[in-house]
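These notes concern the structure reproduced below.
2 protein chains.
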Amino acid sequence: MDGEPPFVEDPDDTREAIMAATYVALCTHGYADLTIAKIGDAFEKSKSLLYHHYDSKDELLLEFLEFVVERFEETIPFEKEGAADDHLNAVLDHVLSVPEADVGFHRAVIELRAQAAHDPAYRDHFTRSDRFFRDRLADLLRAGIEEGTFRDVDPEATATFLHTMLVGALLQHATTDEVVTKALREEVDAYVRDRLLADPDVA
Amino acid sequence: MDGEPPFVEDPDDTREAIMAATYVALCTHGYADLTIAKIGDAFEKSKSLLYHHYDSKDELLLEFLEFVVERFEETIPFEKEGAADDHLNAVLDHVLSVPEADVGFHRAVIELRAQAAHDPAYRDHFTRSDRFFRDRLADLLRAGIEEGTFRDVDPEATATFLHTMLVGALLQHATTDEVVTKALREEVDAYVRDRLLADPDVA
Numbered sequence: 006m007d008g009e010p011p012f013v014e015d016p017d018d019t020r021e022a023i024m025a026a027t028y029v030a031l032c033t034h035g036y037a038d039l040t041i042a043k044i045g046d047a048f049e050k051s052k053s054l055l056y057h058h059y060d061s062k063d064e065l066l067l068e069f070l071e072f073v074v075e076r077f078e079e080t081i082p083f084e085k086e087g088a089a090d091d092h093l094n095a096v097l098d099h100v101l102s103v104p105e106a107d108v109g110f111h112r113a114v115i116e117l118r119a120q121a122a123h124d125p126a127y128r129d130h131f132t133r134s135d136r137f138f139r140d141r142l143a144d145l146l147r148a149g150i151e152e153g154t155f156r157d158v159d160p161e162a163t164a165t166f167l168h169t170m171l172v173g174a175l176l177q178h179a180t181t182d183e184v185v186t187k188a189l190r191e192e193v194d195a196y197v198r199d200r201l202l203a204d205p206d207v208a
Numbered sequence: 006m007d008g009e010p011p012f013v014e015d016p017d018d019t020r021e022a023i024m025a026a027t028y029v030a031l032c033t034h035g036y037a038d039l040t041i042a043k044i045g046d047a048f049e050k051s052k053s054l055l056y057h058h059y060d061s062k063d064e065l066l067l068e069f070l071e072f073v074v075e076r077f078e079e080t081i082p083f084e085k086e087g088a089a090d091d092h093l094n095a096v097l098d099h100v101l102s103v104p105e106a107d108v109g110f111h112r113a114v115i116e117l118r119a120q121a122a123h124d125p126a127y128r129d130h131f132t133r134s135d136r137f138f139r140d141r142l143a144d145l146l147r148a149g150i151e152e153g154t155f156r157d158v159d160p161e162a163t164a165t166f167l168h169t170m171l172v173g174a175l176l177q178h179a180t181t182d183e184v185v186t187k188a189l190r191e192e193v194d195a196y197v198r199d200r201l202l203a204d205p206d207v208a
């Protein structure tokens, strides 16, 4: 979430082009006002291709959400080289520093997430994507414990805690006018130092 | 959020009766399918009273959200007697232990919160209500620092961190099928012990 849109600038194939058009239309119109026709307006190829592939806007949006997770998997620095604490910092930076230009996209994602309140297909997506991010965080923590950077904490519980905080930060960012990122980051760093680091004085 | 609905069982006046009907209708229909007519179906008095008081469903729902905050102000144990750590635990229990019966309500609140993505009136509400809860948490932390229960942490940053985590927990609970509360609570307790308590061995 570092300003890079969650798809390639030059779409390689029809699917990527559809996803790019969905991103643009979603940022412009939000969920409630979105229609396949409006996504078609942002699509360079034939609109009939959209109607051919997708029966409803939700079917398209659910595939879009899968695509976003795939892209995050590539862009979030989970596989970064170096010590686990630097690695964790890079992930926290990546999620917590949402540029102003991305607010529209983040607001749209919260609207999509709210669909999970009454639509089991959305709930299934967010259950899986939350689990995916928690698992990546737990892997990172486990690696840090093994290399001796982190204390012998429970990787699952710690990943759940960090992930919940990140999800809460994205929700606040998308739905309020107050920017709490600075105060939040200050305390996240204190948490990492006082609770996770094996040797806080070295950090 | 301890199972008690966010309004009195026996409404004292017309406003409370309208709020009670809104709660029932919102839990039953969710935001998207809600209409003033459906709220009227849950209202014992004349439906015309509803149309007289409110021009739109959003006007009614925004007042409902204010009412919910007022009620939480009364039911969340911010003013509890005793040491600050017990007090903080009571607040965390209150928010994190959402009974199954309240899931419908929490899902509806997330749908309302998602309206903030495109509606400034909802964004204004959630900006103020988030600030309200952060301020109460900061007051609690400040009292604990003064009485020597908590370390000399920054009350604002710590309140922001805890509040963000609680908001994230409510979002996950409302939009996924996975219950992460147990793992989350485990790490929240560890955070309080390792980062906040002045004398962790006494706790």
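Chains as they are written, first to last, in my numbering: chain A, 6 to 208; chain B, 6 to 208. Quick reminder that beta carbons are idealized off the backbone N, C-alpha and C, glycines included.
Excluding the 5 residues flanking it on each side, glutamate 71 of chain A has no same chain C-beta neighbour closer than 6 Å. Contact with chain A is absent for valine 100 of chain B, since none of that chain's Cβ atoms lies less than 8 Å from the residue's Cβ. Note on geometry: alpha-carbon atoms of arginine 128 of chain B and aspartate 206 of chain B lie some 43 Å from one another. Counting only residues of its own chain and dropping the five nearest sequence neighbours on each side, alanine 179 of chain A has a CB closer than 6 Å to the CB of His111, Arg112 and Ile115. The beta-carbon of tyrosine 28 of chain A is placed no less than 8 Å from the nearest beta-carbon of chain B.
Following the DSSP letters along the chain, one finds aspartate 98 of chain B inside the alpha helix (DSSP H) bounded by residues 89–101. Distance from the Cα of alanine 126 of chain A is smallest, within the candidate group A:Leu66, A:Asp194, A:Ala37 and A:Pro16, for A:Leu66.
Looking at the backbone, the Cα of valine 158 of chain A and that of glutamine 177 of chain A are separated by about 28 Å. None of the residues of the stretch 46–71 of chain B has a beta carbon lying less than 8 Å from any beta carbon of chain A. When the five nearest sequence neighbours on each side are left out, no beta carbon in the same chain lies closer than 6 Å to the beta carbon of phenylalanine 166 of chain B.
Collapsing the DSSP output to three states places leucine 39 of chain B in coil. Close CB contacts of glycine 45 of chain A within its chain, under the 6 Å cut and outside five residues either way in sequence, are with Lys52 and Leu55 (chain order). Boundaries of the alpha helix (DSSP H) harbouring threonine 186 of chain B: 186–196, taken from the DSSP string. Cβ proximity to chain A below 7 Å picks out His123, Arg128, Phe131, Thr132, Asp135 and Arg136 from the stretch 123–146 of chain B. In terms of Cβ geometry, alanine 162 of chain B and alanine 188 of chain A form a close pair [threshold 8 Å].
For a cut-off of 8 Å, the C-beta gap from alanine 30 of chain A to lysine 43 of chain A is around 5 Å, short enough to register as a contact. In the structure shown, phenylalanine 155 of chain B adopts extended strand secondary structure according to DSSP, grouped into three states. Annotation: the continuous alpha helix (DSSP H) that includes phenylalanine 72 of chain B extends over 62–80. In summary, threonine 27 of chain B is buried, with 16 or more beta-carbon neighbours lying within 10 Å of its beta-carbon over all protein chains present. Contacts between glutamate 161 of chain A and chain B, judged by CB atoms closer than 8 Å, involve Ala188 in chain order. CA-CA distance, alanine 164 of chain A to glutamate 75 of chain A, rounds to 20 Å. Boundaries of the alpha helix (DSSP H) harbouring leucine 176 of chain A: 160–180, taken from the DSSP string. Looking at the DSSP output, leucine 202 of chain A sits in a beta bridge with A:Phe155. Shown here, lysine 52 of chain B sits in a helix according to DSSP, grouped into three states. Taking a 10 Å sphere around the C-beta of proline 104 of chain B, we find fewer than 16 other C-beta atoms and assign the residue as exposed. Per the Cβ contact rule, the stretch 87–102 of chain A is in contact with the stretch 145–152 of chain A (3 or more Cβ pairs under 8 Å).
Proximity of aspartate 199 of chain B to chain A, defined by a Cβ-Cβ separation below 8 Å, is satisfied. Here glutamate 183 of chain A carries a coil assignment [DSSP, helix/strand/coil]. Distance from the Cα of arginine 133 of chain B is smallest, within the candidate group A:Tyr196, A:Glu68, A:Thr132 and A:Asp182, for A:Asp182. For the options A:Phe69, A:Leu97, A:Gly109 and A:Glu192, the alpha carbon positioned closest to that of arginine 139 of chain A is the one of A:Leu97.
Using a Cβ distance threshold of 8 Å, aspartate 199 of chain A and aspartate 199 of chain B count as a contacting pair. Taking C-beta separations shorter than 8 Å and ignoring five residues to either side along the sequence, the partners of lysine 62 of chain A in its chain run Leu39, Thr40, Ile41 and Ile44, following chain order.
Between the C-alpha atoms of cysteine 32 of chain A and threonine 80 of chain B there is a straight-line separation of about 38 Å. Residue-level contact by beta carbon fails for leucine 93 of chain A and chain B, as no gap is shorter than 8 Å.
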